[in-house]
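A short worksheet on the structure shown next.
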Amino acid sequence: MHKNVVVFSTPTCSWCRKLKTYLKQNKIRFKDVDVSRDMKAAQDMVRKTGQQGVPQMWINNYPIVGFDKSKIDRLLNTK
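Residue numbers (my numbering): 7 to 85.
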């Protein structure tokens with residue numbers, strides 16, 4: 007099953023870079039949204055999770071706040 011993966015990040019966020027590197031290493035395709043440039047996406051992110059911090063990612067519209075490897079692996083069936 008194809009997973010729709012969206013990462014919400016900023017260029018200065020070290021955890022965002024780690025998350026994106028992890029996804030690339032596991033050959034997971036994702037859309038990267040820079041919330042420092044896309045205010046509408048930032049508002050949508052906060053509305054959905056109640057959190058302003060990044061990284062956040064949505065897997066098939068299911069939000070994950072932070073870089074939670076075990077939850078990511080479970081939802082993406084990578085391990």
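Glycine included, each C-beta is placed from N, C-alpha and C at the ideal position.
DSSP, read as helix, strand or coil, puts Q62 in strand. Rounded to the nearest whole angstrom, the CA to CA distance from R53 to A47 is 10 Å. Sequence-distant partners of V60 (beyond 5 residues in either direction) whose C-beta falls short of 7 Å from its own C-beta, in its chain, are F14, S15, T16, C19, C22, V41. In this structure, the straight-line span from the alpha carbon of D74 to that of M45 is close to 25 Å. It is roughly 8 Å from the alpha-carbon of F36 to the alpha-carbon of L29.
Shown here, K37 sits in a strand according to DSSP, grouped into three states.
Counting along the chain, the unbroken beta strand (DSSP E) around S15 starts and ends at 11 to 15.
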